[in-house]
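Enquirer:
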Amino acid sequence: MARAKIALIGAGQIGGTLALLAGLKELGDIVMFDVAEGIPQGKSLDIAEASPVLGFDAKLSGTNSYEVIEGADVVIVTAGVPRKPGMSRSDLIGINLKVMEQVGAGIAKYAPDAFVICITNPLDAMVWALQKASGLPTHKVVGMAGVLDSARFRYFLADEFDVSVEDVTAFVLGGHGDDMVPLVRYSGVAGIPLPDLVAMNWTTQERVDAIVDRTRKGGGEIVNLLKTGSAFYAPAASAIEMATSYLRDKKRLLPAAAFLSGEYGVKDLYLGVPVIIGAKGVERVVEISLDKSERAMLDKSIASVQELVAECRKIAPDLG
Ligand code: APR
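Residue 320 is where the sequence shown ends in UniProt numbering, and the numbering goes up by one at each step.
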């Protein structure tokens, strides 16, 4: 059987890491596209030259023209600009919206059957714009944020309890902004929910609250440390997990920015919710029950995403 084809649109910090991880996991052949001349060519050649040492078989190539993405099975989009210290994700909207319009047209022309994962920020608005601009079915276009936000939450919890990250599950709902909703009740260690772990004196409510707050601001913490850009290893790893679930029809239940048509009381909006990703794309949106305070936090997050999308509609009324 022919190898899958993975197209990476944007060959910057996340794009380069995506190419390396997709190679290491032998997900398929990899094409990198970027408007910057030489960058996709150089990075793909560098990674291809690492393949004999690392022991993986994948063809890698990089170019500045969209034709290379033709027939891609998966397209991962990181094109655009990242945050610098002092910026919020929404400060990127003007520039990155234009980029999504170009990228959407390229995908529509050359890879209309692909499963598309958007990483560009502000995520929930950019994935909405990318779907509109590409015209691909909504279940084939998703945004990567929840896996990353949950991974940060899991890492902080594993560190707090001094247990393996493998045994920590955590759930984050809502938009990929500072009012995302880390769900304490649905998070825990090997099936023991966080509230029980507090009752067992493994930690205190204050410490859990501090971890929730750190998770919400996890992206900003990295931006402030790096100063020249935003996180890239964990975002790339998270998108690769989603791509793997699609390509291998694993049907993982992962949090992702998915298009909602009434689920959670939301319509025509992308929002971080639990979904099942398999060979058909987003195969199911999972509606979990929320208590009053969780619902209130989700409503606040929905309002923020709606504001961002309204701004997109103002800048680009043609998107719909
Ligand atoms: N088409 C294709 N590529 C583009 C375009 C475009 N119209 N505009 C910019 N790019 C490319 C840049 O040339 C650059 O190589 O996108 C790449 C972005 O890479 P980085 O600046 O290194 O940013 P990165 O850290 O990879 O983050 C990309 O993901 O998490 C988000 O907030 C982050 O929006 C940012 C995106």
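In this text, a Cβ means the ideal position worked out from N, Cα and C, and glycines have one as well. Computed from a predicted structure; not experimentally measured.
Could you check where the alpha helix (DSSP H) with Gly38 kicks off and where it finishes?
Expert: Per DSSP, Gly38 belongs to no alpha helix (DSSP H) and is neither H nor E.
Enquirer: Nearest-angstrom Cα distance between Ala129 and Val103?
Expert: Computed Cα separation, rounded: 10 Å.
Enquirer: Contact defined as beta carbons within less than 8 Å: I believe residue 322 pairs with Ala125. What is the distance between those atoms, to the nearest angstrom?
Expert: Limits of the chain in this structure are 1 at one end and 320 at the other, which puts residue 322 out of reach.
Enquirer: Thinking just about the alpha-carbon of each residue, which of Ala79, Gly12, Ala170 is nearest to the one in Leu123?
Expert: The shortest C-alpha separation from Leu123 is found at Ala79.
Enquirer: Using the C-alpha atoms, what's the distance from Gly71 back to Pro112?
Expert: Their backbone Cα atoms lie some 8 Å apart in a straight line.
Enquirer: Would Gly77 and Ile69 be called neighbours here (beta carbons separated by less than 8 Å)?
Expert: Checking the displayed sequence, the identity of residue 77 turns out to be Val instead of Gly. Not closer than 8 Å, so no.
Enquirer: Assuming Lys109 is part of the beta strand (DSSP E), what are its boundary residues?
Expert: Per DSSP, Lys109 belongs to no beta strand (DSSP E); it is in the alpha helix (DSSP H), 93-110.
Enquirer: Using the C-alpha atoms, what's the distance from Gly143 back to Val165?
Expert: Their backbone Cα atoms lie some 24 Å apart in a straight line.
Enquirer: Could you say which of Gly16, Lys251, Ser230, Gly10 lies nearest to Ser44 if we only look at CA atoms?
Expert: Of the candidates Gly16, Lys251, Ser230, Gly10, the one whose C-alpha sits nearest the C-alpha of Ser44 is Gly16.
Enquirer: Is it right to say residue 322 is buried, meaning 16 or more other beta carbons lie within 10 angstroms of its own, or is it exposed?
Expert: Since the first residue shown for the chain is 1 and the last is 320, residue 322 is missing from the structure and cannot be characterised.
Enquirer: Less than 7 Å between the CB of Lys36 and some heavy atom of the ligand APR, yes or no?
Expert: The identity of residue 36 in the sequence shown is Ala, whereas the question assumes Lys. Ala36: yes, Cβ under 7 Å from the ligand APR.
Enquirer: Going by CA-CA distance only, name the one from Ile277, Arg313, Val286 that's closest to Val116.
Expert: Answer by Cα proximity: Ile277.
Enquirer: In chain order, what residues of the same chain have a beta carbon less than 7 Å from the beta carbon of Gly229, not counting five sequence neighbours either side?
Expert: Result list for Gly229: Gln13, Pro82, in chain order.
Enquirer: Curious, which full-length beta strand (DSSP E) runs of at least 3 residues does the stretch 205-241 contain?
Expert: Counting only runs of 3 or more, we get nothing.
Enquirer: Taking C-beta to C-beta, are Tyr264 and Glu283 nearer than 8 Å?
Expert: Their beta carbons are not under 8 Å apart, which means Tyr264 does not touch Glu283 by this criterion.
Enquirer: Distance, Cα to Cα, Gly23 vs Ser238?
Expert: The straight-line gap from Cα to Cα measures roughly 15 Å.
Enquirer: Of the choices Arg152, Lys84, Gly188, whose alpha-carbon is the least far from that of Arg216?
Expert: The shortest C-alpha separation from Arg216 is found at Arg152.
Enquirer: Please find out if some non-hydrogen atom of the ligand APR comes closer than 7 Å to the beta-carbon of Gln102.
Expert: Yes.
Enquirer: Straight-line CA distance for Gly188 to Lys267?
Expert: The straight-line gap from Cα to Cα measures roughly 31 Å.
Enquirer: Indicate the three-state DSSP secondary structure (helix, strand or coil) for Val305 in the structure shown.
Expert: Val305 falls in the helix class under three-state DSSP.
Enquirer: Would you mind working out which of Ser88, Ala105, Asn121 sits nearest Asn96, comparing C-alpha positions?
Expert: Ranking the options by Cα distance to Asn96, first place goes to Asn121.
Enquirer: Is there at least one non-hydrogen atom of the ligand APR closer than 7 Å to the beta-carbon of Leu92?
Expert: Checking the Cβ of Leu92 against the ligand APR gives yes.
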